[in-house]
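The first sequence: position 95 = 735 (our numbering), numbered continuously.
Think of the CB as a built atom: it goes at the ideal place given N, C-alpha and C, for glycine as much as any other residue.
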Amino acid sequence: MHKTAIALSGGADSLMSLLLLRETGAEVMAVHARFLGADDHALHERLRNLCAKLFVPFHLVDLRREFEELVITPFVRAYQSGLTPNPCATCNPAIKFGLLLDRVRALGADRLATGHYARLAQTPHGTALYRGLDAGKDQSYFLSRVPRERFGHVLFPLADWTKNAVQQILAERGLTPPAGRESQEVCFISSDYRDFLRERKARLGGPGPITLADGTVLGRHAGLWNHTLGQRKGLGIAYSQPLYVTGKDFAQNRLLVGPKSETLSPGCRTGIPNLLWPFELWPDEVLAQTIYRQRPEPAHVTVDQTGMTIAFPEPRAMPTPGQVAAVYSAEGQVLAGAVIEEAIHAA
RNA sequence: UGGGGCGUGGCCAAGCUGGCAAGGCAACGGAUUUUGGUUCCGUCAUUCGGAGGUUCGAAUCCUCCCGCCCCAG
């Protein structure tokens, strides 16, 4: 008999997952992981009471120190070194399906369930990760860097659910998610990541010029960390057409900008990929996306000792160093995930 | 102080055969969204360097003044 731990965030998705688990008759326990220093004790109590009503054991797991060390610190460091980090994609392998999974196993559970919209399938070749049914909520991209063996101990009850259906069922049962707000942004940033970095007193680069590719100076920037590749907002430059960030010149502290056409790239080079499916079993045709919520496109992907090269037949939105590149099969199976190191520049 | 050109919202800029001020960029607001972003929608000059005049009516015509730029001396 399996004993399943459900990670409750306080939102609708994990609450629905708990209900679905109970209906399967599985033995269930609930955990709520604390990530942040300033935590919501009222939320803890509501979760505790909710679980008591459902006769589900409830545990509070303190991962604040680990979250700080494994997610927040690298996040700040990334900005300091000119990258654009993706903290959610770091948190999943390091915290949720890393330390939290370890903790619940120590508490006696052998599986961890979460409210992610993604699907796992058991195959003769092992566990496979697929996109969730709800294309609009699919979170497989953020899960693409979780080590494959971890998924052998994971359950996604919402795999075949849509957000709408979840909300409808909860409403029908008169259940309100204990946390008022859904986690739709970085959980440790309340407003703007720039404010967060300033509050942290992170040592970041200073102001410098904004120039076109040919060196024409158009304005000033307040620090390269305020911008990311492909970004339009915030440049403050009135030009004949919209300008986008096309590059960062760290040597001269210059922010390079240009028209939309200059933000395209034929692909990227990544670090060592997290293979979620043995490379030799990959289909001939694979798709890749280099940003969340991007339409996956057919790509030529090669893997070697030091990383992965993704080449698109047609140039598309420039991949940003620090972000995640995910490789999929046509059926929506996640084949690999990796951190982008550099975009390939059009010839 | 001879000649020529120009002055329209934060920037660029239509309009100048007179009829209640296009558009682009930026900015701001919203929608979308478990990352940075992107995208979409919306808002943004009762006023056209200033003062008079002509006219039913002027940014558009006339006069003067102010301020730029260019070419000559």
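So, under 8 Å CB-CB, residue i and residue j are touching, yes? Tell me the CB distance rounded to an integer number of Å.
i: T886; j: T724; result: About 14 Å; that fails the 8 Å criterion.
i: A749; j: M669; result: 6 Å
i: I781; j: V964; result: The residue you asked about is not Ile; residue 781 is Tyr in the sequence shown. Sure, about 7 Å apart at Cβ, within 8 Å.
i: A673; j: A645; result: Not quite, the Cβ-Cβ distance comes to about 11 Å (not below 8 Å), so this is no contact.
i: L741; j: R790; result: 6 Å
i: D774; j: K803; result: 6 Å
i: L837; j: H861; result: Incorrect: roughly 15 Å between the Cβ atoms, too far for contact.
i: A891; j: Y719; result: Not confirmed; about 18 Å, so no contact.
i: R840; j: V716; result: 6 Å
i: I877; j: I850; result: 7 Å
Which residues bound the beta strand (DSSP E) around residue i?
i: T949; result: M948 to A957
i: A673; result: E667 to R674
i: P981; result: Residue 981 is actually Glu in this sequence, not Pro. E981 -> beta strand (DSSP E) spans V974 to I984.
i: V806; result: From DSSP, V806 is part of no beta strand (DSSP E) but of the alpha helix (DSSP H) over K803 to E812.
i: K643; result: K643 to A647
i: L916; result: Run containing L916: none; DSSP gives neither H nor E here.
i: L1004; result: With the chain covering 641 to 987 only, the question about residue 1004 has no answer from this structure.
i: A768; result: G766 to R771
i: H940; result: E937 to V943
i: A753; result: R751 to A753
i: L798; result: Element bounds for L798: n/a, residue is neither H nor E.
i: Q929; result: V926 to Q929
For residue i, report the span of its alpha helix (DSSP H) as first-last.
i: F715; result: T713 to Q720
i: N744; result: Note that residue 744 is Val in the sequence shown here, rather than Asn. Note, V744: alpha helix (DSSP H), L740 to A746.
i: P639; result: Any answer about residue 639 is impossible in this case: the structure gives the chain only from 641 up to 987.
i: P653; result: Residue 653 is actually Asp in this sequence, not Pro. Segment A652 to E663, the alpha helix (DSSP H) holding D653.
i: R759; result: Element bounds for R759: not the alpha helix (DSSP H) but the beta strand (DSSP E), A758 to T763.
i: L700; result: Taken as a continuous stretch (DSSP letters only), L700 belongs to no alpha helix (DSSP H), being part of the beta strand (DSSP E) at F698 to D702.
i: L690; result: H681 to K693
i: L783; result: S780 to L783
Going by C-alpha to C-alpha distance, which of the options sits closest to residue i?
i: Y770; options: H985, G972 and A978; result: G972
i: F698; options: R834, L687, R705 and F707; result: L687
i: P801; options: A976, D653, A966 and Y968; result: Per the sequence shown, the amino acid found at residue 801 is Trp instead of Pro. The candidate whose alpha carbon is nearest that of W801 is D653.
i: F919; options: E706, V974 and H681; result: V974
i: G814; options: A983, L659 and H642; result: L659
i: A939; options: A970, W917 and Q945; result: A970
i: V979; options: K888, C728 and L883; result: C728
i: P818; options: T851, H681 and E663; result: H681
i: L683; options: F715, T664, G755 and G650; result: G650
i: Y664; options: G722, Q762, P797 and W922; result: Correcting the residue identity first, residue 664 is Thr in this sequence and not Tyr. It is P797.
i: V696; options: H861, T713 and K643; result: K643
i: L795; options: Q808, T851, A768 and P955; result: A768
i: R751; options: G792, C827 and K841; result: G792
i: D702; options: F675, G722 and Y719; result: F675
i: Q807; options: G755, G766, H985 and R745; result: G755
i: C827; options: G846, Q871, E708 and E685; result: E708
i: P882; options: K873, A718 and N726; result: K873
i: R935; options: L916, V943, Y968 and L895; result: Y968
i: L852; options: L875, A862, S830 and G776; result: L875
i: R759; options: A966, Q779 and E685; result: Q779
i: W917; options: V943, E937 and K841; result: V943
i: L864; options: L844, V711 and L858; result: L844
i: T946; options: E937, A966, E981 and E925; result: E981
i: S721; options: N866, I809 and D924; result: N866
i: R705; options: L739, G772 and N726; result: L739
i: G772; options: A761, V941 and H765; result: A761
i: V857; options: Q871, Y879, H985 and A811; result: Y879
i: R743; options: L700, P955 and P714; result: L700
Across the region 959 to 967 and the region 915 to 931, are there enough close Cβ pairs to call them in contact, namely three or more that are closer than 8 Å? yes
Determine contact between the region 906 to 925 and the region 948 to 957, defined as no fewer than three beta-carbon pairs at a distance below 8 Å. yes
Is the region 784 to 804 close to the region 724 to 743, with three or more CB pairs under 8 Å? yes
State whether the region 660 to 676 contacts the region 688 to 708, with contact taken as three or more CB pairs (one from each stretch) at a distance under 8 Å. yes
Between the region 911 to 925 and the region 882 to 900, are three or more C-beta pairs nearer than 8 Å? no
Entirely within the region 823 to 893 and at least 3 residues each: give me those beta strand (DSSP E) ranges in chain order. 848 to 851, 857 to 861 and 884 to 889
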